[in-house]
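Report on one structure; see the data block that follows.
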Amino acid sequence: MALADPASDPFAKLAENLGELEVVIGERARPAVREVRAGLHDAIAARERGDMPAALAAIRRAMERLAALGADLDADEGAMMRMIAERFSAAMSTGRKGEAKDVVGVMRQKAGDTKDDESDW
1 MALADPASDP FAKLAENLGE LEVVIGERAR PAVREVRAGL HDAIAARERG DMPAALAAIR
61 RAMERLAALG ADLDADEGAM MRMIAERFSA AMSTGRKGEA KDVVGVMRQK AGDTKDDESD
121 W
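This note's numbering applies: residue 1 is where the sequence shown begins, and numbers increase by one.
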């Protein structure tokens, strides 16, 4: 059972779209995608129960795992993904939601989603 509706939740949408990485990268991406998806679901659950520090920590861990996968495939891609993760963490920890939303958009595009996020967070 899904914790959030992918149509209205950017993190649920990102988790859903991670399957595209498995298609593009192949079997070796499957464990990382499973871990990242679980981390995003943990973040959604923490956010829904009002525990923002736990939500941010879960997102950070998921993004770090995604960056590690990128580094395994391409060092430059991994470095860029780590930079994205750091930017997101910094934006969320200082309340810059607009910047965090932009970063989530970049992550979603990297995961294969080409649509713009219309949700309001």
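Heads up, the beta-carbon is just placed ideally off N, CA and C, and yes, glycines get one too.
All of these numbers come straight from a predicted model, not from anything done at the bench.
Beta-carbon proximity check, residue i vs residue j, cutoff 8 Å
i: M107; j: A100; result: no
i: A38; j: A46; result: no
i: F11; j: I44; result: yes
i: A57; j: A85; result: no
i: R65; j: V36; result: yes
Endpoints, alpha helix (DSSP H) assigned at residue i
i: E20; result: 19–25
i: D76; result: 75–93
i: D51; result: Run containing D51: none; DSSP gives neither H nor E here.
Of the residues the options, the one placed nearest residue i, counting alpha carbons only
i: L69; options: R82, D102, T94, A58; result: R82
i: A71; options: A29, G50, G19, S8; result: A29
i: L73; options: S8, E22, G50; result: E22
i: D42; options: E27, M63, G26; result: M63
Own chain, CB closer than 7 Å to residue i, minus 5 neighbours either side, in chain order
i: L14; result: L40, V104, M107, R108, A111
i: R61; result: G39
Residues of its chain near residue i, where Cβ-Cβ distance is below 8 Å and the 5 sequence neighbours each way are ignored
i: M1; result: Low per-residue confidence applies at M1: pLDDT is 42, beneath 50, and the placement is therefore not dependable enough to give any value.
i: R49; result: none
i: D120; result: Because D120 sits at a pLDDT of 49, beneath the cut-off of 50, its placement in the model cannot be relied upon, and the point is left open.
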